[in-house]
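These notes are about the structure you will find just below.
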C-alpha cells in the first residue's frame, strides 16, 4: 500500500509520514521543498518536488497512490484574511485541480484531508465542539476549509472518490518552526528559551485545544483504513489549556519565571475552543497518547536545537 | 438613492430593476451585454458594459452606489458540476474581487446577493425549509453560493460592508429565455406552444418551489431598506407545485393536452423542495403576490412573442 503525502516535507507532514510508515505504508512526499536536513526523513520511500495540484507531475513518479494525505496549505488564518483571493486560488482551486487530476486515474485512491477544527465551526455554541456543531467560520481560512469539505463530499457522490476529513485542533511538537504566525506553543517556547517576553492578549484565560503532532499522524493512519460511514472526524487533544497554563508549563520545565507583555483582549477570540473527540475514539479507535506536559517538554527539547 | 444591478440586463435583472425603480431608486445596470431590444428597459438610468468584479471600471460611471444587487452568475447547477473550477473562478473569485473593490470606496454600499434556496440546503430534512436548516449543498453550484454567503458575513464583521442574502427558489416569468438548461416553466411552456413533447423524469410527482420574478424584484427592494438583524431570507412562492401540476396548468391555459416523454426518475432529485418564507414575510413585510396560475399565464403570453 502506497501513501502520498501532499506537503510531506513540512512540520505535520513529517509526523504523518512517520506514522503512515509505521502503519505499513510505503510513503512518498510531494512538496515544493525537500525534507531537510538530508536524510532526516528516513520513513520516506521518495520525494517529488512539485505542486500538489498538478497530479500528472507526480502520480507516475510515485507509482500511483492507494492513500493520499493532503496537508499542503499556502495560508494560515491571518494571511487568508489579508488576501482571501490568494487563499482561494491556491487552496480551493488547487484542491479542485487535484480532484480533477485524480478523476483521470484508473483506480481512485482514498483522499485524507486536513481541515481545521479551530476554524470551520466558528464561535462555539457549546463546548466541546462535536462534528455536528453548525459550521459558521469567522474568517476566510475557515470558509475555504469548509467549502473544500463540501467539494469532497460532492466529489464522492458524483465521481466515487473515497475520502475522510480530519478537523484538527492546534497541532504542536517537534519540527514546528517557531518563527511563523501560527503555533503559540512553539513561539512561546522558543522565545522563553531565548529570554524574550511572551505576548498575551487579555488575561490569559483563553482556552484552546492542542494535539501533539505524532498523535495527529496516528489519526491519519487510522483514517486511512477506516471502514465506517462517517466522513468527518475531530482530532484534538481531548482537553483545553489556557494561555496561562501554557506559560506555567513552560516555567516549570525551564525552572524559572518568564516575562509577559500584556495587550488588550481581542474581541474576536472566542473564550473557549475545545473539540469533542468521541467519534474518533469510537470509530477510528484513536486517542491522543502524548500528555500535554510531555508534549510541551518534547517541543522544548527540539527547539533547543533551533537557532 | 442609487442602485447598481450587477447582471441588470438579464431575466431577473430586468424584474429587479423595475422593482427598484418603482421603489424610488435611480437604477443602473452593469452587465456584459445591453438590455435588448433597445429602449426595452425604461427603468434604467444608465448601463455600463463590463465585468461586475472590476469595480473601478463601473463605479465612477454609475456615480457610485447606495445599494448593489448582485445577480451576475456565469453558471447553473449542471454547468457548475461539469466544470467546478470555472464556477469558482468566475463566481467566487469574482465576488472576492468585488468585495476588495468595494473596500476601496469611501462609503460602503449595501450589497444584496442572490443565493439559491434550491441549492444551498441540499436534501431537505424537513419541509418547508427554514433559513436555519443545515446547509449541505449537493453540487458545486450550491457549494459556491454557500461559501460566498460565508464571505459576505466575514466581510461585514471584518470590514463593515452591510449585506443581505436572498435565497431564491425558482424564479420564472416574462423575459426568462426558454432555450436554457434552467427554468422548467419557460422550457415547458415554450415547447408546449410549439407542439413539442415535454421531458418528464419519473412520475411527475417531484415538487418544487416557484416564485414569480416580479415578486423577487419586490423582495430585493424590501431587502434594500431592511433595518433588522437578519441577514438571510428565503424568497419563494410559499407553496410547492409538482411537475404534473405545471403541465396541467399549461394544458388548461392552452386548452389542449400536451405530449409527455417519460424518462426514469433521477435518484439525485429530492422529492420535495419548498422554502419557508415566514422570515421574509415578518421582517421584510414581503409576500408573493402573483398566484401560480396567473404567473404561468403571463409567462406563456410573453413566450408567444419568442420564436
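Protein chains in written order, with the working numbering: chain E, 73 to 379; chain U, 73 to 379. Even for Gly, the Cβ is constructed at its ideal location relative to N, Cα and C.
For residue 264 of chain U, the closest alpha carbon among the candidates U/104, U/355, U/145 and U/324 is that of U/324.
At a cut-off of 8 Å between beta carbons, residue 222 of chain E contacts chain U. If you draw a straight line from the Cα of residue 306 of chain U to the Cα of residue 358 of chain U, it comes to about 11 Å. Taking the Cα positions, residue 269 of chain U is about 40 Å away from residue 120 of chain U. With respect to chain U, the C-beta atom of residue 338 of chain E has no partner C-beta closer than 8 Å. Residue 333 of chain U counts as exposed, since fewer than 16 other beta carbons sit within 10 angstroms of its beta carbon. At a beta-carbon threshold of 8 Å, the residues of chain U lying near residue 210 of chain E are 226 and 229, ordered along the chain. Contact with chain U is absent for residue 346 of chain E, since none of that chain's Cβ atoms lies less than 8 Å from the residue's Cβ. Close to residue 215 of chain U, with beta-carbon spacing below 7 Å, are these residues of chain E in chain order: 219, 222, 223 and 226. One alpha carbon belongs to residue 198 of chain E, the other to residue 278 of chain E, and they sit about 15 Å apart. Contact note: residue 351 of chain E does not reach chain U at a C-beta cutoff of 8 Å; the least C-beta distance is about 17 Å.
Residues of chain U with a Cβ closer than 9 Å to the Cβ of residue 169 of chain E are, in chain order, 157. If only complete runs of 3 or more residues are kept, the segment 140 to 200 of chain E shows the beta strand (DSSP E) at 182 to 188, in order along the chain. Taken through DSSP and simplified to helix, strand or coil, residue 345 of chain U comes out as coil. As the crow flies, the alpha-carbon of residue 212 of chain E is around 14 Å from that of residue 169 of chain U. What residue 183 of chain U touches in chain E, judged by beta-carbon distance under 8 Å, is nothing: the nearest beta carbon there is about 15 Å away. Residues of chain E with a Cβ closer than 9 Å to the Cβ of residue 153 of chain U are, in chain order, 226 and 230. Considering only beta carbons, no part of the segment 122 to 134 of chain U lies closer than 8 Å to chain E. For residue 164 of chain E, the nearest CB of chain U lies under 8 Å from its own CB, placing it at the interface with that chain.
Contact fails between the segment 106 to 113 of chain U and the segment 358 to 372 of chain E, because fewer than three Cβ pairs, one in each stretch, are under 8 Å apart.
For the 8 Å CB-CB criterion, residue 316 of chain U and residue 276 of chain U form a contact. Within chain E, the residues 160, 164, 165 and 168 have their CB atoms less than 8 Å from the CB of residue 160 of chain U, given in chain order.
Less than 8 Å separates the beta-carbon of residue 149 of chain E from that of residue 191 of chain E. Taking all protein chains in view, the Cβ of residue 104 of chain U is surrounded by fewer than 16 other Cβ atoms within 10 Å, so the residue is classified as exposed. Assignment of beta-bridge partners to residue 305 of chain U by DSSP yields U/238. Rounded to whole angstroms, residue 83 of chain U and residue 82 of chain E show a C-alpha spacing of 50 Å.
Three or more beta-carbon pairs separated by less than 8 Å link the segment 279 to 287 of chain U to the segment 342 to 349 of chain U, which places the two stretches in contact. The count of Cβ pairs closer than 8 Å, one atom from the segment 281 to 298 of chain E and one from the segment 85 to 92 of chain E, reaches three, so the stretches are in contact. The shortest CA-to-CA distance from residue 225 of chain E to any of E/185, E/152, E/86 and E/258 is the one to E/185. For the set U/160, U/291 and U/261, the Cα lying nearest the Cα of residue 236 of chain U is the one of U/291. When the Cα atoms are used, residue 283 of chain E and residue 203 of chain U turn out to be separated by approximately 35 Å. DSSP, reduced to helix, strand and coil, places residue 281 of chain U within a strand of the structure shown. In this structure, the CA atom of residue 248 of chain U is about 30 Å from the CA atom of residue 223 of chain E. By a beta-carbon distance limit of 8 Å, residue 174 of chain U does not contact residue 116 of chain U. Their separation comes to about 21 Å.
The continuous alpha helix (DSSP H) containing residue 231 of chain U extends over residues 212 to 231. Within the DSSP bridge table, the entry for residue 313 of chain U names U/280 as partners.
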